[in-house]
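S.K.: In the numbering used here, the protein residues as written are 8 to 226. We treat Cβ as the ideally placed atom computed from N, Cα and C, and that holds for glycine. As the structure is a computational prediction, the values presented were derived from the model and not from experiment. Mind having a look at this structure? Questions to follow.
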């Protein structure tokens with residue numbers, strides 16, 4: 008583990024060095040996460056300053072938390088579309104319509120792929136990449152729906168079961184049906200507790216946008 012940690016540290020260090028070397032000629036249009044973190048550090052005078060080790064930790068978290076989860080979601084989306092040829096054909100037709108004239112697939116056309124986004128939403132409903140989310144621990148004693156939750160209790164949320172609950176998803180909850188979402192305003196941004204593949208509240212997954220981009224482009 009120590010050897011792997013040192014190797015990862017070298018890789019992240021080289022990424023930071025490369026960004027620092029080109030910092031003088033970077034423009035906001037082409038900035039990525041590393042550029043933003045380095046700029047924040049350079050500005051100084053923050054209540055919570057960032058050290059180089061802090062930046063390395065953030066980048067490491069993005070790699071660790073955003074690779075396996077995104078790959079799992081892509082796998083499930085492909086598996087569901089193979090099982091449901093109707094959905095596959097509809098998604099393929101949309102991709103061809105949007106990108107045929109562009110000659111290449113890039114992120115500029117992603118916002119036009121409305122049906123593909125529904126496919127991803129339905130995949131996350133049935134197959135959240137973290138089915139039990141991240142365990143939490145309450146700092147104070149509380150009471151929810153008549154249940155007393157002692158302080159320091161580890162709380163696990165079953166997002167997988169919530170996404171298949173017929174009380175919230177009355178139209179065949181076990182069926183892969185992307186078309187359920189245009190009629191349903193529920194979104195994964197944490198305000199609808201019946202659909203929380205990324206969690207909710209202040210501790211919602213900070214890499215949600217990054218993770219979705221990692222799913223949309225491969226699909």
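Taking 8 Å as the limit between beta carbons, can you name the residues of its chain near residue 5, skipping five residues before and five after?
M.R.: Residue numbering for the chain in the displayed model covers 8 to 226; residue 5 lies beyond these limits and cannot be assessed.
S.K.: In the structure shown, what three-state DSSP assignment does residue 206 receive?
M.R.: Three-state DSSP puts residue 206 in coil, outside helix and strand.
S.K.: Would residue 142 and residue 155 qualify as a contact pair, given that the criterion is a beta-carbon distance under 9 Å?
M.R.: In this structure, residue 155 does not lie closer than 9 Å to residue 142 by Cβ.
S.K.: Count the C-beta pairs between the segment 59 to 72 and the segment 191 to 209 that are closer than 8 Å, then say yes if the count reaches three, no if not.
M.R.: No, the segment 59 to 72 does not touch the segment 191 to 209.
S.K.: Taking C-beta to C-beta, are residue 136 and residue 79 nearer than 9 Å?
M.R.: A contact, by the Cβ cut-off of 9 Å.
S.K.: Within this structure, are the beta carbons of residue 145 and residue 158 separated by less than 9 Å?
M.R.: For residue 145 and residue 158, yes; Cβs fall inside 9 Å.
S.K.: Please classify residue 53 as buried or exposed, where buried requires at least 16 other C-beta atoms within 10 Å of its C-beta.
M.R.: With fewer than 16 Cβ atoms within 10 Å of its Cβ, residue 53 is classed as exposed.
S.K.: Compute the Euclidean distance between the alpha carbons of residue 121 and residue 177, then round it to the nearest angstrom.
M.R.: Their Cα atoms are separated by approximately 23 Å.
S.K.: Please state whether the Cβ-Cβ distance between residue 87 and residue 183 is less than 9 Å.
M.R.: Cβ atoms of residue 87 and residue 183: closer than 9 Å.
S.K.: Just how far apart, CA to CA, sit residue 15 and residue 55?
M.R.: Their Cα atoms are separated by approximately 25 Å.
S.K.: Thinking C-alpha only, which one of 202, 181 and 42 is nearest residue 28?
M.R.: The shortest C-alpha separation from residue 28 is found at 42.
S.K.: Which same chain residues end up closer than 7 Å to residue 97 when comparing Cβ atoms and leaving out the 5 residues on each side of it in sequence?
M.R.: Within the same chain, residue 97 has close Cβ partners 122.
S.K.: So, under 8 Å CB-CB, residue 202 and residue 153 are touching, yes? Tell me the CB distance rounded to an integer number of Å.
M.R.: The Cβ separation is near 25 Å, so there is no contact.
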